[in-house]
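The C-terminal position of the sequence shown is numbered 194 in numbering that gives the first Met the number 0, with every residue numbered one higher than the one before it.
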Amino acid sequence: MSKAAQPELEPGRAYRTRELRQWSANPSRLARRLVKEGKLREAAHGIYYAPIPTRFGPAPPPSEELLRAFLDGEPFLLTGPLYWNALNLGSTSMFAVTLAYNTKRSGEFKFEGRRILLRRVAFPENPTPEWFIIDLLKHHGMAGVALSELRQGLEASLRLGRWDRERLREMAETYGTKATLALVEQVLKETEPGL
Numbered sequence: 000m001s002k003a004a005q006p007e008l009e010p011g012r013a014y015r016t017r018e019l020r021q022w023s024a025n026p027s028r029l030a031r032r033l034v035k036e037g038k039l040r041e042a043a044h045g046i047y048y049a050p051i052p053t054r055f056g057p058a059p060p061p062s063e064e065l066l067r068a069f070l071d072g073e074p075f076l077l078t079g080p081l082y083w084n085a086l087n088l089g090s091t092s093m094f095a096v097t098l099a100y101n102t103k104r105s106g107e108f109k110f111e112g113r114r115i116l117l118r119r120v121a122f123p124e125n126p127t128p129e130w131f132i133i134d135l136l137k138h139h140g141m142a143g144v145a146l147s148e149l150r151q152g153l154e155a156s157l158r159l160g161r162w163d164r165e166r167l168r169e170m171a172e173t174y175g176t177k178a179t180l181a182l183v184e185q186v187l188k189e190t191e192p193g194l
């Protein structure tokens, strides 16, 4: 009888069942055994992770790592209140769900008890604060803040020179709706330096 596979699992890394094939011809059985041994934990159907040892007990990996495995390496971007509130435009909301944009899936999924709302939309590879402004303007209802309040915050921060005006216009043209672009154009016009 051959000895059972003892794979070298990286703590904090998420694995799809098929990734375990490098250690076993039957990756599902290997995953079940490793879960039973405490070396892996199941985050969702077909997604496992090697827990991170801490002095308070085993911890799950960050949401980004779980999404990397779930989306099979496809690009994604986390957004939502954590990023919107940091803009200091008047949004102070919090969600019980993480918002993630990607190029592959849409829907709400649960990983290790964490709810993640996936949306298939266009997003920049390296988002700037100006992109997050456009994202917040488009989702002001989700953030629970009135558009008029965001507009006031945007006008005030533009007058202080906090944002790159040209990049804000570019992000609105590329990623915003017609209404978002119109609002940004109007705010840029009203806050033109020298007026």
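Note that the Cβ used here is the ideal one computed from N, Cα and C, for glycine as well.
Since the model is a prediction, treat every value here as computed from it, not as a measurement.
Of the listed residues the options, nearest to residue i (C-alpha basis)
i: L70; options: L117, A178, S27, P6; result: L117
i: G143; options: G79, R104, P123; result: G79
i: L167; options: E148, A145, T190, A4; result: T190
i: L66; options: L33, W83, K103; result: K103
i: W130; options: Y174, W22, R54; result: Y174
i: E111; options: T179, P26, D134, Y47; result: Y47
i: W22; options: A4, E165, L98; result: A4
i: E107; options: N101, A24, I115; result: I115
i: L81; options: P128, L29, G160, G45; result: P128
i: P192; options: E18, M170, L157; result: L157
C-alpha distance - residue i paired with residue j, whole-angstrom precision
i: P6; j: R20; result: 11 Å
i: S105; j: E73; result: 13 Å
i: P123; j: L187; result: 22 Å
i: L149; j: D163; result: 17 Å
i: L135; j: R32; result: 45 Å
i: V120; j: T179; result: 16 Å
i: Q151; j: A95; result: 27 Å
i: E172; j: S27; result: 47 Å
i: G37; j: A49; result: 9 Å
i: P126; j: L76; result: 9 Å
i: I132; j: K109; result: 27 Å
i: K177; j: E184; result: 10 Å
i: K35; j: R54; result: 21 Å
i: G198; j: L159; result: Only positions 0 to 194 of the chain appear in this structure, which leaves residue 198 out of reach.
i: L146; j: T16; result: 45 Å
Where residue i falls: helix, strand or coil (DSSP)
i: K177; result: helix
i: E111; result: coil
i: G140; result: helix
i: P26; result: helix
i: L167; result: helix
i: M0; result: Any answer about M0 is weak, because its pLDDT of 40 lies below 50 and its placement is not dependable; what the coordinates show is given next. M0 falls in the coil class under three-state DSSP.
i: T127; result: coil
i: L187; result: helix
i: T53; result: strand
i: G152; result: helix
i: L161; result: The residue you asked about is not Leu; residue 161 is Arg in the sequence shown. Here R161 sits in coil by DSSP.
i: R215; result: No answer is possible for residue 215: it lies beyond the span of the chain, which begins at 0 and ends at 194.
i: R119; result: strand
i: L33; result: helix
i: L182; result: helix
i: L77; result: strand
Any non-hydrogen atom of the ligand HEM closer than 7 Å to residue i Cβ
i: I132; result: Inclusion of the ligand HEM in the displayed structure is not the case, the ligand content being empty and no account of it being possible.
Limits of the beta strand (DSSP E) - the one that residue i falls within
i: N101; result: 96-101
i: A43; result: 40-43
i: P80; result: It is not in any beta strand (DSSP E) - P80 instead sits in the alpha helix (DSSP H) that spans 80-84.
i: R17; result: Per DSSP, R17 belongs to no beta strand (DSSP E) and is neither H nor E.
Residue i - containing alpha helix (DSSP H), residue span
i: L70; result: Run containing L70: none; DSSP gives neither H nor E here.
Q) Any contact of the stretch 82-100 with the stretch 28-43, i.e. 3+ C-beta pairs under 8 Å? A) no
Q: Examine the Cβ distances between the stretch 51-68 and the stretch 11-20 and report whether three or more of them are shorter than 8 Å.
A: yes
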